[in-house]
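Take a look at the structure set out below.
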Amino acid sequence: METFTHDVVIVGAGIAGLRAAIAAAETSDKVDVAVISKIYPVRSHSVCAQGGTAAVLREGDSYDLHAWDTVKGADFLADQDVVEFFVRRAPQEIINLEHWGCPWSRTEDGKINQRRFGGHSFPRACFAADMTGFHEMHTLYGKAKTLENITFYDEWFVTSLLVEDNTAVGLTAIELKTGKLHAFKAKAIVMATGGHERIYQFTTFSHTATGDGMTIVYRAGAPLKDMEFVQFHPTGLVPPGVLITEGARGEGGYLINAKGERFMKRYAPERMELAPRDIIARAEQTEINEGRAFEGPYGPYIALDLRHLGEEKINERLPLIRDVAIKLAGVDPVEEPIPIRPAAHYSMGGIHVNIKTETPIAGLYA
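Here it is, written out as structure tokens:
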């Protein structure tokens, strides 16, 4: 068994893993960083994020508003210290991505454009058309490849953590190309392996979201937390479950039932289609359960109507959505509504960490 030695090993090469790798590598060019991924980084599910990344950039918005929207949207279950840290850090991360080349959509005066998302009291979702995750991923990957002290192990599958005296000292991984098992030694290990949404039949996630990172950590003796919390996105495309971005509603899309009603007026009359995701998902399921949904060959569904936005705006702001709807559902949103229903979207729980991302196992972070 061959053994590789690095200062920091990061498991997972999505947006979180790549950003962690860049941060570690930039502390010193003498810090030896490794990134292990079971797929090529730019195929990570992060590329499927569409609508935007929230940050306080505009006059009139504030950290307090962003924090309030977040805590309220979490039904006051979120760790408020973490929320405050997040909302204050987010603007700088958006600027970092801009400096590294992320092609943000712009306002007419050249500023980073932002649109309102569900639960937002102010437009703060920074976006790059409807391919935000794709552009963020390629930006981060490009930046990471410029740092000579980052080594990528693509198509390697981590199988276990090596723990001695409650300290993470390394891990084992299979090189998928050869099938050989190898060992890695490290002073610090960062788990950035994503969620477990593929346990659900109807989900927005790719087949890589199998929860193996959580499993590996749990088997090593670290606790998991809040595993009962799973977010269901209101607009999973029927039949494949592929995400239809919240940006489609942020741009003015309507949710309608089989009677042609904008039914959200019964559930959230003020925010309508831009209510928090859990409220909209429950409203849609209520419409389905009470017989007001459309019926199709793949079961009941709700419709997302973008026709009133017009072809020009759809092509400018939602080009991917139009392409996906045509290719995967046989529907052109310029001409007819898109069939959708709630789909498993986020693993809200995961590896237990503190605000410094430390786990109860020394040297292990997530």
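Heads up: the sequence shown at position 92 corresponds to 87 in our numbering, and the numbers run straight through without jumps.
We put the beta carbon where it would ideally sit given N, CA and C, even for glycine.
Sequence-distant residues of the same chain with beta carbon closer than 6 Å to residue i, five excluded per side
| i | result |
| --- | --- |
| Y341 | Q226 |
| G7 | A187, T188 |
| G344 | K220, D221, M222, F224 |
| D327 | I321 |
| L359 | A163, I184 |
| Y293 | V233, P234 |
Which of helix, strand or coil DSSP assigns to residue i
| i | result |
| --- | --- |
| L299 | strand |
| T205 | coil |
| D27 | coil |
| H228 | strand |
| S155 | strand |
| E311 | helix |
| S41 | helix |
| P235 | coil |
| E256 | coil |
| V319 | helix |
| E143 | coil |
| L219 | strand |
| L72 | coil |
| D149 | strand |
| T281 | helix |
| V329 | coil |
| I356 | coil |
| I275 | helix |
| Y249 | strand |
| M267 | helix |
| L171 | coil |
| A20 | helix |
| V439 | The structure shown does not extend to residue 439, since the chain is modelled only from -4 through 361, so no value can be given for it. |
| T188 | coil |
Counterpart residues of residue i in DSSP-defined beta bridges
| i | result |
| --- | --- |
| G291 | G294 |
| T198 | A339 |
| C121 | T48, Q109 |
| H61 | Paired residue(s): none; H61 is not in a bridge. |
| F(-1) | F179 |
| R101 | I107 |
| P36 | The partner list for P36 (beta bridge, DSSP) is empty, contrary to what the question assumes. |
8 Å Cβ cutoff met for residue i and residue j
| i | j | result |
| --- | --- | --- |
| I309 | P295 | no |
| T167 | A178 | yes |
| I316 | T198 | no |
| F152 | G46 | no |
| R312 | E246 | yes |
| I297 | E285 | no |
| V51 | V82 | yes |
| V30 | G12 | yes |
| A270 | M259 | yes |
| P218 | R272 | no |
| I145 | V28 | yes |
| A361 | I350 | no |
Residues near residue i by beta carbon distance below 8 Å, same chain, minus five either side
| i | result |
| --- | --- |
| E21 | L142 |
| E131 | I10, S41, A44, T48, L92, C97, A123 |
| A357 | N161, T162, A163 |
| A73 | T65, V66 |
Candidates the options: closest to residue i by CA position
| i | options | result |
| --- | --- | --- |
| G255 | T146, G190, D300 | D300 |
| P98 | F80, M126, V82 | M126 |
| I107 | Y136, S116, C121, G113 | C121 |
| A15 | G165, Y213, A217, Y136 | Y136 |
| L323 | E150, G231, D2, D24 | G231 |
| G174 | H202, L359, M(-4) | M(-4) |
| Y35 | F147, D74, I89 | F147 |
| I89 | R119, D2, F(-1) | R119 |
| P332 | P292, V348, G248, D207 | G248 |
| T169 | L269, K33, G105, K351 | Before going further, note that residue 169 is Ile rather than Thr in the sequence given. The option with the nearest alpha carbon to I169 is K33. |
| L330 | G128, L269, E306 | Reading the sequence as shown, one finds Glu at residue 330 and not Leu. It is E306. |
| K154 | S116, I211, A62, F129 | According to the sequence shown, residue 154 is Thr rather than Lys. Among S116, I211, A62, F129, the Cα nearest to that of T154 is on I211. |
| H94 | I5, A270, A85, K138 | K138 |
| Y195 | G236, G114, F80 | G236 |
Residue i Cβ short of 7 Å to the ligand ATP heavy atom set
| i | result |
| --- | --- |
| A324 | As presented, the structure is devoid of all ligands, the ligand ATP included, so that no description of it is given. |
Other residues of its chain near residue i: CB distance less than 7 Å, five sequence neighbours each side excluded
| i | result |
| --- | --- |
| P314 | A124, D125 |
| R193 | F200, H202, A204, T205 |
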